[in-house]
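Just below is one structure, and these are the notes that go with it.
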DNA sequence: CCTAAGTTGAACACTGGTGTTAGGGATAGC
DNA sequence: GCTATCCCTAACACCAGTGTTCAACTTAGG
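Protein chains in written order, with UniProt numbering: chain A, 1 to 194; chain B, 1 to 194.
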């Protein structure tokens, strides 16, 4: 429905849909519990139109998530991941993905509140895939510790970024200092013990 | 109201209140979004009685939180914190507080969903106080890094424990392995760089 | 210019939660 | 054993959100 840009839909319908998805993304980002009414208002669209394109709130959240993830994947692909040694690549990945995760923190809350947990897990898996690959490579290169399961390191990474986002939100950490704090804390946690 | 065990209340009222608080704790732990009806049912008490003692759902959550925190503080006080050097004390603190945080993870979600953010922050501050003290001591002893603000390290610690709890819940990490994974990841992140 | 597709406002029903009220019955505690 | 306190069932009002329906209006696109 909203996944195919090629359907026999009229141009204004197409316009409405993208407006809705983008407005939803913005709203959910700011307040994970927004209702359909608010989303429709933000999209300059009637509530009925909203329901005409998305049968349920869940579908809206899903669409917004897909949109966010493809955009994120696109910006991630601009940074050359495989050219660097794993630990340096990790630092680079952190600095770019930090912005993304921080910006979408609210959406995450919405997703895990409304989407079925199995779907949530799927999205999470997909989002963490580049990091997982990097960690595996680092283990072979000897720059990433092997005494802890990779999945645990992935989770630690993920939650540490959330920690940074929370600190910035609370005003306890200046936003510019966040990337350095992250990298400085993350890398020692991932390196092999000396 | 619920804070003073000494008030001219009858014995059965007292009994109801503690039953409610404990049931609420249990319910919120399992499902952060439980309603008053479910809590009352779990406490073997009518919904009206529940409202007779707690004017609002928020009050119930507050009471459950206080109860959990005093209990947690009690069990924390059994482990001699100040006798050990800071890094060893940190490992010990982690192993004990891990169980507590894991067990109350659901309650945390409920708290941050229903209590005013200022109150949430207060409770958080109080809960993290022992850790904060320990980190400051470790900085003086030279076993904790000084190139990152303590508040950031506190937050990292907190979120890493959440990470462990999430992994255990998802079945990706056996519960027995969690403390070692935590300590093994936490300490290198907190130590000064070599 | 005609028509099918799209949009809209104003209703509607339904759900699930919160908090309240009233009257009758139980019981703790003196 | 009297009484104030407490509890219960059963209803109530209320709110906020989700979806739905309908009849009228607008517009894209051939």
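Note that the Cβ used here is the ideal one computed from N, Cα and C, for glycine as well. Keep in mind that this is a model prediction, so the values were computed, not measured.
| Check | Outcome |
| --- | --- |
| Beta carbon proximity, residue 200 of chain B to chain A, threshold 8 Å | Residue 200 of chain B falls outside the range modelled here, since chain B spans only 1 to 194, and no answer is possible. |
| Per-residue burial, residue 16 of chain A [other beta carbons within 10 Å of its own, 16 or more giving buried] | buried |
| Proximity to residue 73 of chain A [Cα-Cα], best of A/11, A/124 and A/165 | A/124 |
| Pair within 8 Å by beta-carbon distance, residue 188 of chain B and residue 179 of chain A | no |
| Members of the UniProt domain "HTH tetR-type" (14 to 72) of chain B near chain A, C-beta cut-off 8 Å | none |
| Closest by C-alpha distance to residue 128 of chain A, when choosing among A/151, A/61, A/137 and A/140 | A/151 |
| Cβ pair count under 8 Å reaching 3, the segment 62 to 69 of chain B against the segment 25 to 32 of chain B | yes |
| Contacting residues, own chain, Cβ-Cβ under 8 Å from residue 4 of chain A (five flanking each side not counted) | Low local confidence applies: a pLDDT of 49 at residue 4 of chain A is under 50, so the model's placement there is unreliable, with the coordinate-based value given in what follows. Cβ within range, chain order: n/a, list empty. |
| Minimum C-alpha distance to residue 104 of chain A - residue among A/117, A/52, A/81 and A/165 | A/165 |
| Cβ contact check for the segment 132 to 149 of chain A and the segment 77 to 90 of chain A: 3 or more pairs under 8 Å | yes |
| Whole-angstrom distance between residue 43 of chain B and residue 19 of chain B, CA atom to CA atom | 5 Å |
| Cross-chain neighbours of residue 172 of chain B in chain A, by beta carbon under 7 Å | 151 |
| Secondary structure, alpha helix (DSSP H): runs of 4+ residues fully inside the segment 96 to 177 of chain A | 105 to 114, 117 to 141 and 150 to 169 |
| Residue 79 of chain A versus residue 163 of chain A: straight-line alpha-carbon distance, rounded | 24 Å |
| When A/37, A/122, A/53 and A/116 are compared against residue 69 of chain A, the one with the closest alpha-carbon | A/122 |
| Any chain B beta carbon closer than 8 Å to residue 188 of chain A | yes |
| Assigned exposure category for residue 46 of chain A - 16 Cβ within 10 Å defines buried | exposed |
| Near-chain B residues of the segment 104 to 138 of chain A - C-beta to any C-beta below 8 Å | 121 |
| Any C-beta of chain B under 8 Å from that of residue 102 of chain A | no |
| For residue 81 of chain B and residue 131 of chain B, the rounded distance between their alpha carbons | 10 Å |
| Cβ-Cβ distance between residue 157 of chain B and residue 186 of chain B below 8 Å | yes |
| Which of helix, strand or coil DSSP assigns to residue 46 of chain A | coil |
| Under the three-state DSSP convention, the category residue 188 of chain B falls into | helix |
| Length-filtered (4 minimum) alpha helix (DSSP H) runs lying within the segment 18 to 100 of chain A | 36 to 42, 47 to 53 and 57 to 78 |
| Outcome for residue 145 of chain A when other beta-carbon atoms lying within 10 angstroms are tallied against a minimum of 16 | buried |
| CB-CB length for residue 106 of chain A against residue 174 of chain A, believed under 8 Å | Not confirmed; about 20 Å, so no contact. |
| Cutoff 8 Å: residue 194 of chain A Cβ touching any chain B Cβ | yes |
| Rounded separation between residue 155 of chain A and residue 191 of chain A - CA only | 15 Å |
| Interface flag, residue 167 of chain A vs chain B, CB-CB below 8 Å | yes |
| Beta-carbon proximity list for residue 168 of chain B, same chain, < 6 Å, skipping 5 on both sides | 175 and 178 |
| Assigned exposure category for residue 34 of chain B - 16 Cβ within 10 Å defines buried | buried |
| Burial state of residue 40 of chain B (16 or more Cβ within 10 Å) | buried |
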